[in-house]
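Residue numbers (full-length UniProt numbering), protein chains in the order written: chain A, 1 to 214; chain B, 1 to 214; chain C, 1 to 214; chain D, 1 to 214.
Protein chains: 4
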Amino acid sequence: MTRVLLTGFAPFEGESLNPSWQAVRAAAAEPPAGIEASAIELPCVYGASIAVLRAAIEEVRPEIVVCVGQAGGRPDITVERLAVNVDDARIPDASGAEPIDEAIVPGGPAAYFSTLPIKACVAAVRAAGLPASVSNTAGTFVCNHVFYGLAHLIATELPGVRGGFVHVPYTPEQVVDRSQPSLPSEAVTRALHEIALTSARTRTDIRVAGGATH
Amino acid sequence: MTRVLLTGFAPFEGESLNPSWQAVRAAAAEPPAGIEASAIELPCVYGASIAVLRAAIEEVRPEIVVCVGQAGGRPDITVERLAVNVDDARIPDASGAEPIDEAIVPGGPAAYFSTLPIKACVAAVRAAGLPASVSNTAGTFVCNHVFYGLAHLIATELPGVRGGFVHVPYTPEQVVDRSQPSLPSEAVTRALHEIALTSARTRTDIRVAGGATH
Amino acid sequence: MTRVLLTGFAPFEGESLNPSWQAVRAAAAEPPAGIEASAIELPCVYGASIAVLRAAIEEVRPEIVVCVGQAGGRPDITVERLAVNVDDARIPDASGAEPIDEAIVPGGPAAYFSTLPIKACVAAVRAAGLPASVSNTAGTFVCNHVFYGLAHLIATELPGVRGGFVHVPYTPEQVVDRSQPSLPSEAVTRALHEIALTSARTRTDIRVAGGATH
Amino acid sequence: MTRVLLTGFAPFEGESLNPSWQAVRAAAAEPPAGIEASAIELPCVYGASIAVLRAAIEEVRPEIVVCVGQAGGRPDITVERLAVNVDDARIPDASGAEPIDEAIVPGGPAAYFSTLPIKACVAAVRAAGLPASVSNTAGTFVCNHVFYGLAHLIATELPGVRGGFVHVPYTPEQVVDRSQPSLPSEAVTRALHEIALTSARTRTDIRVAGGATH
């Protein structure tokens, strides 16, 4: 058994749901064989989100942490490569905070790579018939904030843990009148199962191209 | 009971499946209460597609005809407003034909409006939690060709029949590595049920805005 | 000399300028050799726009009419193929009118084809180093309204006149902070010169593919 | 006088020109007052591109280095925030190399921030009437490779130099038949002048939001 902690976010920017939490809750409720899954919902708030994540990690003691967030407008499941040490967003977080170009961890490295096998995760999701790709930016809002916080925690205090971030599209319900790409929650749940299983099984990532020219 | 004929297309442009036929077949196999559904697959060929459609209409004697095709790249179910009297495509059809600016029916009107209640259909699909919108162009390839052929048949020979065209997105399986929008076949099947039911029940379309500035 | 009437629109939807009028005014101020050009600005209002167009045509007595409008979000110069007999938009016009699914000309045909050589115009703009394509929908707002009004006037009263519609992108000034495609006004002006010249010279359109699969 | 080194790239991926080199050459040929500009063309080759850049820096001894590359598909001038320590692309470079997930500098930090005032540069380009934004990923191809190489050189050997990377759209000539966004070379040249001037004048970046939710 591999202990996996999955995190999703509370809704933000006027949405009534957040597809990340929907899928995370469902994925943890019926985990695949060999996975012992826990799910927590993080507030869409700088600072507090990392505090809640840290508390959950201390309680659950996971071997793998997969944080999940909504990337409205992206058509596929995107496995993030890099967390960057900056908060800077075009909208306020759920507490009203609007930091500009502030370090998440003052003095911390500019960025951390995901410690999940991102290429293997993408390949597994695709093999399950769902669209996926590597993303080279998780943005500079609370998703990236949590991702950087997790990576810093792993790098400085939890060497045995591996973790990363996955962005998921809108659900169809969110965009019935918006002409935006979407994937049903069931599909995202299946993708998270593939990512959890693949992360549990894969120590060294596979070598397949997954980059971008820009 | 309302007799509804659903049509989908065979795959084209190198795809191994066509989501329109997948969804049409499934929608006809388990139709909603009150609908007697038939499904046929049309060849992706100018001319022959209309001939096969005409033969199916003569056999099935439907009250409503909903032709369905793939619109790769669109994120939602699009109910087409207008069929235009021209064949002109950037790719050959499945028989290799590449007509340029040729009339589908020489001497026919420049265009026909759909005789389905397109706004009511869009509203019904949205109410079912799926993304939908009106489209003002079905292109100038075989989808539009069949749509125009159907509309001309209705206008000139089958005044009691109503019919139109619906474009559907890629399925996730088609775009696992392409970063294109998609909807699972089950979702499209549900949307087709809503469109069949709504078309059966609605004689006069509802008045809600559904246009585009360009 | 060929007499060409160019029309642009007043700004709408909160914009401070309309790139169509900017380019039309400049194109008429220094027309290419062989072209005698007039420019008028049409109000972005259903009904009134056609009335102003009709008055200008009666005064100028053009051989060719090229109406131009803004298509925010499109990256290239698009030469419209088809005007459709319906008003239906997601936003009100400049007078506050919001018609839904109303015929522009009650009893008029569903659509008219452009009587400009659209493929030759696209080819000429491309040969001048600027991006262009055929569009199969001019929308269902005031642009399409004017296009249909012009086409109906030509079909019913002015058989010697040829005319059509061209959509142009935002200018860079309009989208400095919006990550939307744009083309400078000078480039659009050059494109309009090519379209005027090509329309004056070309009676029978060239045969090159320019359609869309959907 | 501030000495500024501008670099552009040779064409790649079958293009006959690279808009970055066009604009860089023009920008250096007639620099704005107060700027002494040099321009070099870098090969689109991992490794060699950094070697050519280093040699040019040693020769020119610039105070500011602005590397420029093509970002086909982006509609605006994008000032890059972050260089990442990885080579991983979907296409081979001009020498045929296709590294996968290889460190640019083994043992180097995961990423470097640009040392240009990126927010001030974006603001200056916008004030000049041209579209611009901050980008949070320069990709993982040769553009990012050069950007990381430059940042590493500055961090480890050239503390007095400041430098960064700017991505520019296609030019209209490149996309006449592709329906992709573009900006004329003259516009990009003006943007590069603004970026050079702003970088020369601005030691501490301005505080304005410029991030992304994902």
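Beta carbons: idealized from backbone N, C-alpha and C, even for Gly.
Residue i versus residue j: straight-line alpha-carbon distance, rounded
{"i": "D:A132", "j": "B:H145", "result": "42 Å"}
{"i": "C:A138", "j": "D:P32", "result": "43 Å"}
{"i": "B:E63", "j": "B:R203", "result": "12 Å"}
{"i": "C:P117", "j": "B:A120", "result": "37 Å"}
{"i": "B:P19", "j": "C:N136", "result": "24 Å"}
{"i": "D:P99", "j": "D:L150", "result": "19 Å"}
{"i": "B:E36", "j": "B:V45", "result": "27 Å"}
{"i": "A:A26", "j": "A:L197", "result": "15 Å"}
{"i": "C:W21", "j": "C:G96", "result": "21 Å"}
{"i": "C:S114", "j": "C:A212", "result": "17 Å"}
{"i": "C:A124", "j": "B:E102", "result": "22 Å"}
{"i": "B:H214", "j": "B:T156", "result": "31 Å"}
{"i": "C:Q174", "j": "B:E30", "result": "51 Å"}
{"i": "D:R126", "j": "A:G14", "result": "29 Å"}
{"i": "D:L183", "j": "A:L183", "result": "34 Å"}
{"i": "B:P109", "j": "C:V134", "result": "20 Å"}
Cβ-based burial, residue i [other Cβ within 10 Å; buried from 16]
{"i": "A:A55", "result": "exposed"}
{"i": "A:E58", "result": "exposed"}
{"i": "B:E80", "result": "buried"}
{"i": "C:D93", "result": "buried"}
{"i": "B:V122", "result": "buried"}
{"i": "C:G107", "result": "exposed"}
{"i": "C:S16", "result": "exposed"}
{"i": "D:E194", "result": "buried"}
{"i": "B:G164", "result": "buried"}
{"i": "A:P181", "result": "buried"}
{"i": "B:T78", "result": "buried"}
{"i": "D:R207", "result": "exposed"}
{"i": "A:A39", "result": "buried"}
{"i": "A:R201", "result": "exposed"}
{"i": "D:P159", "result": "exposed"}
Short Cβ contact (8 Å threshold) for residue i with residue j
{"i": "B:A111", "j": "B:L153", "result": "no"}
{"i": "A:T2", "j": "A:G47", "result": "no"}
{"i": "C:V188", "j": "C:A71", "result": "no"}
{"i": "C:R61", "j": "B:A209", "result": "no"}
{"i": "A:L6", "j": "A:A28", "result": "yes"}
{"i": "D:V68", "j": "D:V166", "result": "yes"}
{"i": "D:D177", "j": "D:T140", "result": "no"}
{"i": "D:P172", "j": "C:L130", "result": "yes"}
{"i": "C:V142", "j": "C:S49", "result": "yes"}
{"i": "B:A128", "j": "B:R74", "result": "no"}
{"i": "A:V4", "j": "A:V66", "result": "yes"}
{"i": "B:S179", "j": "A:D76", "result": "yes"}
Any non-hydrogen atom of the ligand FAD closer than 7 Å to residue i Cβ
{"i": "C:A128", "result": "Within the structure as shown, the ligand FAD is missing, as the structure has no ligands at all."}
Rounded distance between the beta-carbons of residue j and residue i, thought under 8 Å
{"i": "D:L42", "j": "D:F9", "result": "5 Å"}
{"i": "residue 223 of chain D", "j": "D:S185", "result": "Any answer about residue 223 of chain D is impossible in this case: the structure gives chain D only from 1 up to 214."}
{"i": "C:N85", "j": "C:Y148", "result": "6 Å"}
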